Amino acid sequence: MYAEEVAEMAGRIRDEDIALVRERTSIAEVISDTVTLKSAGGGNLKGLCPFHDEKSPSFNVSPARNVWYCFGCGAGGDAIKFLMDAEHLSFVESVERLAARAGLQLRYVEDDRSAPRSRPQQGQRQRLVAAHAAAVEFYRAQLGTAGARPAREFLAQRGFDRAAAERYGCGFAPDAWDLLTKQLRQQGFTHDELVTAGLSRPSRSGTLIDRFRRRLLWPIRDLTGDVIGLGARKLFDDDDGPKYLNTPETPIYKKSHVLYGIDQAKREIAKQGKVVVVEGYTDVMACHLAGVTTAVATCGTAFGADHISVLRRVLFDSDERAGEIIFTFDGDAAGQKAALRAFEDDQRFVGRTFIAVSPDSMDPCELRLAKGDLAVRDLVARREPLVDFALRHVINRYDLDTVDGRVEAMRRSAPLVAKIKDREKRPEYVRKLAGDLGMEIEPVQRAVLAAASGPPAGGANAPARSGTAAPAADSPQSLVEREALKLALQEPVLAGPMFDAVEAGEYRHPVHVAVRAAIAEAGGVAAATGGAVWIEQVRDACDDLAGQALVGELAVEPLRIDGEPDPRYVSVTLAQLQWGSVTGRIRDLKSKIQRINPVSNKDEYFALFGELLSLEQHARALREQAAGGL
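Straight run, no breaks: the sequence shown in the working numbering ends on number 2027.
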């Protein structure tokens, strides 16, 4: 995701400005705001990782290269990546935060190859956020006026007192056409800024009027806590508008990316590895007040792929730490349809997806009001796997007392079982489905296998060379390959052409092969200047997940030498790397020669024998060059 966001912004924030932000940022100072760092020797620092629980420090920071890496959880990157992970910001927001910290003014440029950008103009975001902050203060003050009594009653009837209203910034849009507009204009906001923010709109006569009128309001915040939009609920019967009216799409408000309550829930989501997705503002409030502090809701749109991207970033949803995603849809037909749509997106998560449906079809707000906080917590605790709910919903549509009904139910259910991410669970679900349908297991198994047809994912873990086994991770060959890659990442100016001259075929461990290929893809060591930018270039060029993690690890792992490395150390390391590879090829060649009949295959025999002599001569030269050892 980091690489994708960097690429996305390449034509928007100027590359040289991003590079300057990295150069002017002290990664130790940024991380010290969150992590207590102590000396780890060799100029490096260490502390307890903020991204996973640990008893001894495995989180390392290299100020010289402006990078960090955790040997415990495998996370790593530069200062920008740290803010993205620690504060749950996007790449752009992280760059802007660091630029402000360093006193730098960013410049934005258009990308002619893409559609018109949605990126706010220079300084525009700050103005639009400021306008929303002023609007929220205005609306919150209005909630205490006489005209706002219906809004206060609405909240009270749903179990929310004054403290709850203040905690969530609830407000009231008064029965006036342009009261907010006039106040914001007096504060210096322009006509265009108010229209662009979605706070005001032109009337039929051309004058500017408030967008919201006679409604209860909720401020909608982004991950950083900035107000970027408003949600408004109808209160009066003579209001002919929609029940809920939200801010329109603006440069800072994209409803497909926004989750209400994420600013308050993000830290608990990251800590617990769990998120509860509800359907409305009052449901979020009810859940939080009841102790379910990981609840969020969409804002006027269905839960979709962009929301998933936001949640995965907050959840740290990965193979190392798969989270839980719990949906609380209503038990009615619309809720069931939404649940099935959510199951279609299940593959986008690494974590497990669940559904929690109240037996009497009440939403969390109604449940809390009727049965108390404990009932809301129990609702979430009684969650069931989303695949179970989806299978039951599909099967219930057919008459299982008939052959046609059972067969059709099997055909419709098999693809759901085939989509289960955990392959080890599929056989159990095949047996369960067969039992639920009253069928033998064999036809159900064939249907699931047919639905799951396709080549298995992989390729990255294939052997580096056909017929040659990959060396163990702690073997002498792997250790020297690792040292060579560390030199390329940490000391590119020193390693330079010497490293590039050693062919990629000399590496045998498959992950090392992937990193070596990424170094070449990034332009080679000879052209690199080092530091965080170079390391990120290599990481971004690596299409192997294990390789990406290894790049971060090798960027901070100390070299296996006392003191500073010099050209001789590079030469020795690369000679040992090649010697290990050459001796492996010599063994393979000798084995092949032994299998050849020198009489009937004389030409092939002597050709291989000549190749063997050449390799042995090369090996002797490398052994002499590598005599210093590691």
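Virtual Cβ for every residue (Gly too), placed ideally from N, Cα, C. Note that this is a predicted model, so its numbers are computed, not measured.
At the C-beta level, Ala1528 and Glu1590 come within 8 Å of one another. Burial of Val1693 is indicated by the presence of at least 16 other C-beta atoms within 10 angstroms of its C-beta.
Excluding residues up to 5 positions away in sequence, Tyr1657, Gly1658, Val1675, Ala1692, Val1693 and Ala1694 lie with their Cβ nearer than 7 Å to the Cβ of Val1681 in the same chain. Burial state of Asn1998 is exposed, judged by a 10 Å Cβ sphere holding fewer than 16 other Cβ atoms.
Nearest to Asp1941 by alpha-carbon distance, out of Ala1915, Arg1738 and Ile1666, is Ala1915. Rounded to whole angstroms, the separation of the alpha carbons of Thr1970 and Glu1880 is 7 Å. Listed in chain order, the non-local C-beta contacts of Tyr1536 below 7 Å within the same chain comprise Gly1568, Phe1569, Ala1570 and Leu1614, local neighbours out to five positions each way being set aside.
When beta bridges are read from the DSSP output, Tyr1657 appears opposite Ala1694. For the pair Leu1771 and Lys1668, the Cα-to-Cα distance works out to about 22 Å.
Here Ala1496 is buried. Its C-beta has 16 or more other C-beta atoms within 10 Å. Measuring C-alpha to C-alpha distances from Gly1921 to each of Val1899, Phe1586, Ile1752 and Leu1686 identifies Val1899 as the nearest.
With respect to the C-alpha of Arg1411, the residue from Ser1436, Leu1480 and Val1492 having the closest C-alpha is Val1492. In the DSSP annotation of this structure, the continuous segment of the alpha helix (DSSP H) that includes Leu1766 starts and ends at Pro1761 to Lys1768. Residue ranges of uninterrupted beta strand (DSSP E) with 3 or more members, entirely inside the region 1508 to 1573 and ordered along the chain, are 1568 to 1570.
Its Cα nearest to that of Cys1470, the residue Pro1454 stands out among Met1481, Pro1454, Val1464 and Pro1460. With respect to the C-alpha of Thr1621, the residue from Val1754, Leu1486, Trp1976 and Phe1551 having the closest C-alpha is Leu1486. Following the DSSP letters along the chain, one finds Tyr1466 inside the beta strand (DSSP E) bounded by residues Val1464 to Cys1467.
For Leu1445, there is no enclosing alpha helix (DSSP H), as DSSP gives it neither H nor E.
For His1588, the number of other beta carbons within 10 angstroms of its own is below 16, and it is reported as exposed. Leaving aside the five residues that flank Ala1662 on each side, the residues in its chain whose CB is nearer than 7 Å to its CB run, in chain order, Thr1690, Thr1691, Ala1692 and Val1693. Phe1456 is bridged by DSSP to Gly1444 and Cys1467. If you look at Pro1812, you'll find it in the alpha helix (DSSP H) that goes Val1800 to Ala1815.
Inter-residue distance for Arg1803 and Pro1840 is about 11 Å (C-alpha atoms, whole angstroms). When only Cα atoms are considered, Ile1722 and Ala1972 end up about 51 Å apart. Taking each of Gln1975, Trp1976 and Tyr2002 in turn and checking the Cα distance to Ser1988, the smallest one comes out for Tyr2002.
In the three-state scheme derived from DSSP, where H, G and I count as helix and E and B as strand, Thr1750 is classed as strand. For the set Phe1724, Glu1534 and Val1877, the Cα lying nearest the Cα of Glu1563 is the one of Glu1534. Gly1902 sits in a helix when the DSSP states are folded into three classes. Residue state for Asp1575 is assigned as coil, using DSSP reduced to three classes.
Excluding its 5 nearest sequence neighbours in each direction, Cys1762 has C-beta neighbours in its own chain below 6 Å: Arg1555, Thr1679, Asp1680 and Ala1683, listed in chain order.
Fewer than three beta-carbon pairs drawn from the region 1794 to 1801 and the region 1748 to 1767 are found closer than 8 Å, and the two stretches are therefore not classed as touching. Short of 7 Å from the beta carbon of Leu1830, and not among the five residues preceding or following it, lie these beta carbons of its own chain, in chain order: Leu1788, Ser1810, Val1814 and Val1841.
Beta-carbon to beta-carbon, Tyr1650 and Ile1666 are separated by about 21 Å, too far to satisfy the 8 Å threshold. Apart from the 5 residues on each side of it in sequence, Asn1994 has no Cβ closer than 6 Å to any other Cβ in its chain. Counting only unbroken stretches of 3 or more residues, the beta strand (DSSP E) elements lying wholly within the region 1595 to 1683 are 1597 to 1599, 1605 to 1607, 1612 to 1618, 1624 to 1631, 1641 to 1643 and 1671 to 1675, in sequence order. Straight-line measurement puts the Cα of Cys1446 at about 47 Å from the Cα of Gln1580.
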